[in-house]
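Here's the structure we're looking at; comments come further down.
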Amino acid sequence: MRHELIFVGNPGPLTGAGNNTYLLPGLEPTLIDAGTGQDTHLLALAAKLDESNARLSQKKD
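Residue numbers (the working numbering): 251 to 311.
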């Protein structure tokens, strides 16, 4: 399965080099987010979503 990787950049003893966020493309793109809300991560995420023509929405079960 193809995926887009967005590096969070929050190195630490529990995260190693840092967390990752994954964007799985398709008819309904899926975002798997382990980000921390840092500005650099949010900017990279916004750029990747824009590049992929994806949009964010919150799905509640």
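All residues carry an ideal CB built from backbone N, CA and C; glycine is no exception. These numbers come from a predicted model, not from an experiment.
Taking only the alpha-carbon atoms, compute the straight-line gap between residue i and residue j and give it to the nearest angstrom.
i: asparagine 303; j: glycine 262; result: 32 Å
i: alanine 274; j: leucine 293; result: A quick correction: the sequence has leucine, not alanine, at residue 274. Distance between the alpha carbons of leucine 274 and leucine 293 is about 18 Å.
i: glutamate 256; j: glutamate 278; result: Contrary to the premise, residue 256 reads as isoleucine rather than glutamate in this sequence. Rounded to whole angstroms, isoleucine 256 to glutamate 278 spans 18 Å at the Cα level.
Go to residue i, then tell me how far its beta strand (DSSP E) extends in each direction, as first and last residue.
i: leucine 306; result: It is not in any beta strand (DSSP E) - leucine 306 carries neither H nor E in the DSSP assignment.
i: asparagine 270; result: 270-274
i: glutamate 278; result: No beta strand (DSSP E) holds glutamate 278; DSSP gives it neither H nor E.
i: leucine 255; result: 254-257
Throw me the rounded Cβ distance for the residue i and residue j pair, which I believe falls under 8 Å.
i: asparagine 270; j: asparagine 260; result: Incorrect: roughly 10 Å between the Cβ atoms, too far for contact.
i: histidine 291; j: tyrosine 272; result: Not quite, the Cβ-Cβ distance comes to about 13 Å (not below 8 Å), so this is no contact.
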